[in-house]
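Numbering (our numbering), first residue to last: 30 to 512. Cβ coordinates follow ideal geometry from the N, Cα and C atoms, glycine included. Here is the structure we will look at.
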């Protein structure tokens with residue numbers, strides 16, 4: 030293929046839905062899948078210009094484990110694009126197969142949940158998903174053709190800050206806000222919908238990147254496989270814009286965001302009843318409305334030869350500094366959960382018939398994972414003495430006047446706002462969960478505590494989050510100054 034200075038675009042989508050029961054990722058307690066509500070997919074987009082190329086791959090998964098990314102890169106290396114060009118992100122659906130073996134930054138692991146479960150081995154699912162995702166990348170690579178892109182900014186209320194602060198300064202995730210101690214919602218909300226559209230040689234719309242600051246976890250507690258609200262969103266967009274449309278979802282910085290309301294719940298439920306929609310359908314309509322509106326204005330601003338630059342970096346981020354007090358508090362919690370785990374396991378051993386009950390494993394696996402969650406604080410305390418930093422991969426892409434910047438975390442919105450506010454790009458797409466996950470909390474959330482900000486859930490602290498943000502801005506400015 031001869032380079033002409035023009036942009037070449039290739040798309041593909043594959044299903045990565047397992048055909049047998051698997052361990053579902055996304056909660057403390059284990060969940061064995063009991064069926065498929067809707068398919069989980071992987072969508073690949075290749076962009077190439079003057080010999081430079083980048084491959085975006087979005088997966089309906091809770092995160093992208095180190096094992097999955099490495100296996101896909103190795104497989105793709107045999108088929109065409111440079112493995113270093115591949116940027117994979119998870120939508121953070123809590124109803125997709127587990128893909129983490131060692132746990133990585135997230136701390137969770139599929140290797141042991143405290144009891145034996147009759148499920149497809151995570152290794153086997155990784156092999157299956159790797160083959161399908163590599164196939165999508167290869168097909169997208171092979172389908173490259175001259176095209177153009179356009180971009181636009183819309184808005185839709187999808188994500189909301191899920192943490193509130195009481196009059197004593199303590200933060201809580203979710204919970205009852207109908208209390209005299211309620212003070213305020215902890216942080217900001219971002220209702221942007223960033224859209225990048227692609228067009229074929231004949232000017233036809235071929236696909237869209239849709240970037241929303243909200244994880245895909247509306248129906249996060251189900252025991253079935255599902256892409257969550259991105260399934261309804263893809264269906265709604267295709268109903269409006271064409272059944273052949275490719276839709277590549279990305280979650281912007283949203284570590285402290287979710288689709289769930291902290292107040293106005295009854296009013297919201299009443300409106301859903303009046304509309305005859307589920308919450309997932311409501312989210313789909315909101316996103317589709319925003320995308321459809323901006324697409325109506327973007328068509329005349331297509332660019333068939335945008336500057337394309339890509340830089341991949343490995344940063345050494347400082348581990349969150351832990352104290353002996355942090356360890357003692359975590360060890361006390363771990364001891365309580367260990368007592369519960371051992372009692373629940375002993376009861377199962379004494380009464381084997383309990384295993385005939387549906388979801389018999391939920392309490393014991395919750396206790397085991399909670400125990401290990403707290404025990405890892407002491408392990409990290411010891412680790413920080415010898416290895417005070419952790420390597421983290423980030424990507425920065427320039428596409429004309431648009432920037433893409435990734436991180437592997439559930440990255441709190443304060444950091445995302447900081448990057449967007451200082452970015453030299455006209456429009457900046459942040460992509461979280463381009464890796465194995467873990468919360469990176471803001472300084473104010475650390476002060477309030479609560480899930481997502483306590484030591485057990487945050488291997489990387491605010492200092493590391495700021496380092497990612499400052500490095501991203503520095504690289505973006507270098508890219509724009511080089512033009």
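Check	Outcome
Proximity below 7 Å, CB of residue 459 to CB of residue 481	no
Outcome for residue 224 when other beta-carbon atoms lying within 10 angstroms are tallied against a minimum of 16	buried
Helix, strand or coil at residue 213 [DSSP, three-state]	strand
Spatial distance of residue 361 from residue 471 (CA atoms)	26 Å
Among 41, 439, 433, nearest to residue 240 - alpha-carbon criterion	433
Short Cβ contact (7 Å threshold) for residue 199 with residue 159	no
Within the region 108-184, ranges of the alpha helix (DSSP H) (whole runs, at least 4 residues)	151-171
Backbone secondary structure at residue 349 - three-state DSSP	coil
C-alpha distance - residue 49 paired with residue 154, whole-angstrom precision	10 Å
Nearest residue (CA-CA) to residue 269, options 322, 499, 114	322
Status (buried if at least 16 other CB within 10 Å, exposed otherwise) for residue 443	buried
Three-pair Cβ contact test at 8 Å for the region 190-199 versus the region 294-301	no
Cβ distance (whole Å) where residue 125 is taken to contact residue 89 below 8 Å	5 Å
Beta-carbon gap between residue 419 and residue 346 smaller than 7 Å	yes
Environment of residue 504 [buried if 16+ CB atoms lie within 10 Å]	buried
Option in 325, 393, 428, 162 with minimal Cα separation from residue 58	393
Beta-ladder partner(s) of residue 202, from DSSP	192
Whole-number beta carbon distance between residue 175 and residue 37, since they are thought to touch under 8 Å	6 Å
Residue 178 beta carbon less than 7 Å from that of residue 235	no
Cβ contact check for the region 106-123 and the region 445-455: 3 or more pairs under 8 Å	no
Cut-off 6 Å between Cβ atoms - residues of its own chain near residue 408, not counting five sequence neighbours on either side	none
Meets three-Cβ-pair contact criterion under 8 Å: the region 260-267 and the region 73-85	no
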